[in-house]
Amino acid sequence: MAVNGNEIHRLNQQRVRNGHNIYCLISVQALRARQTWPYTINFNTKCRCFPTSWTLAITYQQNQETGVFSCSVTLKRNDSLNILVNAHVLISFLNINGRTVRFQRTVFNDSISSGQERQGSFTDAKLPTCLIFSDGGDIDLQITTFFRFCLSQTNFESNTLKKLKNKEEEDSDEEDPDKADSYEKDSDEDNVM
Numbered sequence: 001m002a003v004n005g006n007e008i009h010r011l012n013q014q015r016v017r018n019g020h021n022i023y024c025l026i027s028v029q030a031l032r033a034r035q036t037w038p039y040t041i042n043f044n045t046k047c048r049c050f051p052t053s054w055t056l057a058i059t060y061q062q063n064q065e066t067g068v069f070s071c072s073v074t075l076k077r078n079d080s081l082n083i084l085v086n087a088h089v090l091i092s093f094l095n096i097n098g099r100t101v102r103f104q105r106t107v108f109n110d111s112i113s114s115g116q117e118r119q120g121s122f123t124d125a126k127l128p129t130c131l132i133f134s135d136g137g138d139i140d141l142q143i144t145t146f147f148r149f150c151l152s153q154t155n156f157e158s159n160t161l162k163k164l165k166n167k168e169e170e171d172s173d174e175e176d177p178d179k180a181d182s183y184e185k186d187s188d189e190d191n192v193m
């Protein structure tokens, strides 16, 4: 799933039993051109129970002569739902074939409530030679975000739970019985590009 052509980024979303996985590929070449300006992406989780809204900001700087680079990632929650969501953010570098060419590193792993943001960064003195020699043209930075426990009933106010339970009951009365299990069946096929 490499970024190609005139694309700067590509977003892929996957539903899993206890949350959502968001995979964002960003062209290293495009990030290097921006240097100190953050690249921002707005997205929503496609959760049928508790949809949340997010802004991801990435700042990437690299010294072309030495290969030393730094990367800062900020994740801000924009929705107003009164739930707590755990976010685990990883960074890795992928080649044009989608293979990891440089580590998978955790930037942060924390709970985020409505209106909050989390930030993490790292600096690395050794960028792979393939990134230096290819000028980053065929290399993508992958930001992987695992949202967990957005589907559980912990950390909710009782009023919020009552409203959600009533809404679920209303929705289930209207659902087609043949489609009742579609959420689980589609769990590995929900791609948003």
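Residue numbering for the sequence shown follows the UniProt record's numbering, starting at 1 and increasing by one per position.
We treat Cβ as the ideally placed atom computed from N, Cα and C, and that holds for glycine.
In this text, all values refer to a predicted model and were calculated from it rather than measured experimentally.
Asked: Every unbroken alpha helix (DSSP H) inside the segment 28-111 [4 residues or more]; Found: 28-34
Asked: Start-to-end residues for the beta strand (DSSP E) that takes in I139; Found: Counting along the chain, I139 falls outside any beta strand (DSSP E), and DSSP gives it neither H nor E.
Asked: Classification of L161 by the beta-carbon crowding that lies within 10 angstroms, buried from 16 upward; Found: Legend: pLDDT at L161 = 46, less than 50; position of this residue unreliable, no value from coordinates given.
Asked: N12: first and last residue of the uninterrupted beta strand (DSSP E) it sits in; Found: H9 to V16
Asked: Residues that DSSP places opposite Q119 in a beta bridge; Found: T74
Asked: Proximal residues to L31 (C-beta, below 7 Å), its chain only, five neighbours per side dropped; Found: Y39, I58, Y60 and L141
Asked: 6 Å Cβ shell around Q119 - same chain, five flanking residues per side excluded; Found: T74
Asked: Collapsed DSSP secondary structure at F149 in the structure displayed; Found: coil
Asked: Any non-hydrogen atom of the ligand ZN closer than 8 Å to V68 Cβ; Found: Annotation note on the ligand ZN: not contained in the displayed structure, which lists no ligands.
Asked: C-beta atoms of T144 and I96 nearer than 9 Å; Found: no
Asked: Residues of its chain near F103, where Cβ-Cβ distance is below 7 Å and the 5 sequence neighbours each way are ignored; Found: S92
Asked: Span separating the alpha-carbon of I26 from that of W37; Found: 14 Å
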